[in-house]
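Chains as they are written, first to last, in my numbering: chain V, 5 to 331; chain W, 5 to 331.
Number of protein chains: 2
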Amino acid sequence: MKIKIAILGYGNLGKGIECAARQNDDLELVGVFTRREPATVKTLTGVPVYAESELLSKKNEIDVLVLCGGSATDLPIQTPQYAKHFNVVDSFDTHAKIPEHFKAVDEAAKGAGKIAMISVGWDPGMFSLNRLYGNCILRDGKDYTFWGKGVSQGHSDAIRRIEGVKNAKQYTVPIEEALTSVRAGENPELSTRQKHTRECYVVAKEGADKARIEQEIKTMPNYFADYDTTVHFITEEELIRDHSGIPHGGFVLRSGKTGLQGENKHLIEYRLQLDSNPEFTACVLVAYARAAYRMNQENMTGCKTVFDVAPAYLSPLSAEELRANLL
Amino acid sequence: MKIKIAILGYGNLGKGIECAARQNDDLELVGVFTRREPATVKTLTGVPVYAESELLSKKNEIDVLVLCGGSATDLPIQTPQYAKHFNVVDSFDTHAKIPEHFKAVDEAAKGAGKIAMISVGWDPGMFSLNRLYGNCILRDGKDYTFWGKGVSQGHSDAIRRIEGVKNAKQYTVPIEEALTSVRAGENPELSTRQKHTRECYVVAKEGADKARIEQEIKTMPNYFADYDTTVHFITEEELIRDHSGIPHGGFVLRSGKTGLQGENKHLIEYRLQLDSNPEFTACVLVAYARAAYRMNQENMTGCKTVFDVAPAYLSPLSAEELRANLL
């Protein structure tokens, strides 16, 4: 019997879940739920679309609800709300607010006897796991996380809000020298500017003052002022042709020492190179949806993160198959 | 109260455990147990040495016994034997025999109400985990494991058994072109010869026929015949000066596709670069010793592998601290 999953929110992440579900024989996508008028939403694979208001009435047809809303305003409401009725998985990624999100979700899920898996994806998610494993193994060491090369939606949006900007795409790029130094075991102290550069591709409105736009980008506090930023003005056609993808990725490194005097150096490096950030995130969510269902079947309840999930729960294979083939 | 661990077997791995324990404030190494005459064994840090025959009498002073014997003859006996009395951790690495080892150990540990963590280290171990995570996330994909550059003890030993060889060290080296092709998402089919080369540093006995030795190495079935092998004859002094370390490492890669038509490529790469193979392995064992103790405190019993351990058990930090700092 397949695990029945449903999607709430049909943006890039929701579409990613729809595609990822098809790659997993033991999962069945039973529906997409949306705040929009269902008749206006057409799914990629013909999965039926329902109004969000119908969700509770379909409670018994859904094993895990995958929440595909945003971290700013959707998930802080939706995850605790739906954890009262469903096993849920979300990709809540506002790192600073995870403890408070956890608390709200944990109460809801425990009360309902459900599992709620939060902050699943790659950062938080797979990167967090690699920080944890690295820290536990190399106790005397240093952590590094680099992001990119990849599109930052938040930074692209910030540029678009500047007067005279028609469209924009921003790439976060790790600085090769910094990576090289970390890999060499030099344990450098790296400033924000030494870790990443920011590359901006900007379409200006006709007649706009490009010099002013460039200046406003480069001096924007928090977003760009602390980085070496380059700004390229291009046409809308070039933006569509060359910058339509949503690639991302990055590196988690743990550099540490062992031995009686710390005489031996070690490096653990985890790298992601992703053509599509939302589709990869969706693949992680789907694996953890499987885990949520299986853990709940074993009577576990409450809010969980990637730290709480024994890896075997993620796989459709049996424990025997895993030991024989992957160990 | 600290978790009390003990070591059985005081070779390179045992010494690594001794060093690793000092890097973990919540662990206390209470003793080294050996088959040798205890008076002849001197520990690096002054930890007391006992005869193996004293182990059972110290049962109540030991929370986890770390088994540091070899996979060929020691662990198949020791792990089931001591799982009847202690929580144990081993680094059993004969991949093909893991299912049968698991079965013997599981019965012993369950009968005694203990946890027995087997096949812990980096391969099996951290590499296995990365194969599992990669497989669960990128369902439509391909796995690659490369080893090295590093010293293969088994291959070095095989060379030493050839007549006329005084000493030898063998390095397994991943082939850069193969790695490049995998990283480019080309999903190549790679033969044994296309993945690794073997570099041998050999000290010949005086008057030995070097041409014959080289020929015997290069044509040795299983060990060298399927690889491009280079043989360097060097002096004993050079061997000691340049090849005394036990470095190792390697790569686990998962290359996969997502999207409606598999139009987006993704690469997950996990890399280890280790100055000391046994010391790194020891660090992993110590983290899983902590997990074994904590899982047993929660009344879990039986044989476990890295697949069965929720990552949070590995860390001395609380769940709250982990969520706040590493997620």
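Glycine included, C-beta positions come from ideal geometry on N, C-alpha and C.
Chain-order list of residues whose beta-carbon lies under 7 Å from that of tyrosine 297 of chain V (same chain, five-residue window excluded): Ile7, Asp67, Val68, Asn91
Every unbroken beta strand (DSSP E) within the stretch 182-269 of chain V, with a cutoff of 3 residues, ordered by chain: 200-208, 232-237, 252-262
8 Å CB neighbourhood of isoleucine 9 of chain W in its chain, flanking five on each side removed: Ile21, Ala25, Leu31, Glu32, Leu33, Val34, Ile66, Asp67, Val68, Leu69, Val70, Val290, Ala293
Span of the beta strand (DSSP E), counted from its first residue to its last, around alanine 76 of chain V: Alanine 76 of chain V -> no beta strand (DSSP E), and no H or E assigned at all.
Three-way DSSP call (helix, strand, coil) for phenylalanine 90 of chain V in this model: coil
Close Cβ partners of glycine 13 of chain W (< 6 Å) along its chain, the five nearest in sequence each way excluded: Cys72, Gly73
Euclidean distance between Cα positions of lysine 146 of chain V and lysine 269 of chain V: 12 Å
Three-way DSSP call (helix, strand, coil) for serine 132 of chain V in this model: helix
Any C-beta of chain W under 9 Å from that of isoleucine 9 of chain V: no
Between the CA atoms of methionine 5 of chain V and leucine 257 of chain W - distance to the nearest angstrom: 32 Å
Rounded separation between alanine 113 of chain V and threonine 47 of chain V - CA only: 29 Å
Rounded separation between arginine 164 of chain V and leucine 243 of chain V - CA only: 13 Å
Cα-Cα separation between tyrosine 231 of chain V and aspartate 279 of chain W, rounded to whole angstroms: 35 Å
9 Å Cβ cutoff, threonine 223 of chain W in contact with chain V: no
From V/Leu79, V/Pro178, V/Lys214, V/Phe311, residue whose alpha carbon lies closest to that of glycine 254 of chain V: V/Pro178
Aspartate 94 of chain W versus W/Arg202, W/Leu276, W/Gln277, W/Met121, residue with shortest Cα-Cα distance: W/Met121
Top-ranked residue by Cα proximity to aspartate 29 of chain W, from V/Val109, V/Thr44, V/Thr38, V/Asp144: V/Asp144
Beta-carbon separation (whole angstroms), arginine 135 of chain W vs leucine 330 of chain V, contact threshold 8 Å: 5 Å
The stretch 283-307 of chain V: positions lying closer than 7 Å to chain W by Cβ: Glu283, Phe284, Cys287, Val288, Ala291
Proximity test, Cβ basis, 9 Å: leucine 33 of chain W and chain V: no
Cα-Cα separation between serine 61 of chain V and alanine 208 of chain V, rounded to whole angstroms: 48 Å
Stretch-stretch touch, CB-based, cutoff 8 Å, three pairs: the stretch 154-172 of chain W with the stretch 189-200 of chain W: no
Residue-chain proximity (methionine 130 of chain W, chain V), Cβ-Cβ < 9 Å: yes
Where the alpha helix (DSSP H) containing methionine 299 of chain V begins and where it ends: 281-301
Proximal chain V residues relative to phenylalanine 106 of chain W, where beta-carbon distance stays under 7 Å: Arg327
Interface positions of the stretch 259-276 of chain V facing chain W (Cβ-Cβ less than 7 Å), listed along the chain: Thr262, Gly263, Leu264, Asn268, Lys269, His270, Leu271, Ile272, Glu273, Tyr274, Arg275, Leu276
Closer than 7 Å at the beta carbon, the chain V residues around cysteine 140 of chain W: Ala291, Leu318, Ser319
Expected contact under 8 Å - CB spacing of alanine 286 of chain W and valine 313 of chain W to nearest Å: Not a contact, Cβ separation roughly 17 Å.
Cutoff 9 Å: cysteine 23 of chain W Cβ touching any chain V Cβ: yes
From W/Thr44, W/Glu58, W/Leu17, W/Thr49, residue whose alpha carbon lies closest to that of phenylalanine 37 of chain W: W/Glu58
Rounded C-alpha distance that separates valine 218 of chain W from glycine 152 of chain W: Looking at the sequence shown, residue 218 of chain W is not valine but glutamate. Roughly 22 Å between the two C-alpha positions.
Buried versus exposed call for threonine 83 of chain V [16 or more other C-beta atoms within 10 Å across all chains shown]: buried
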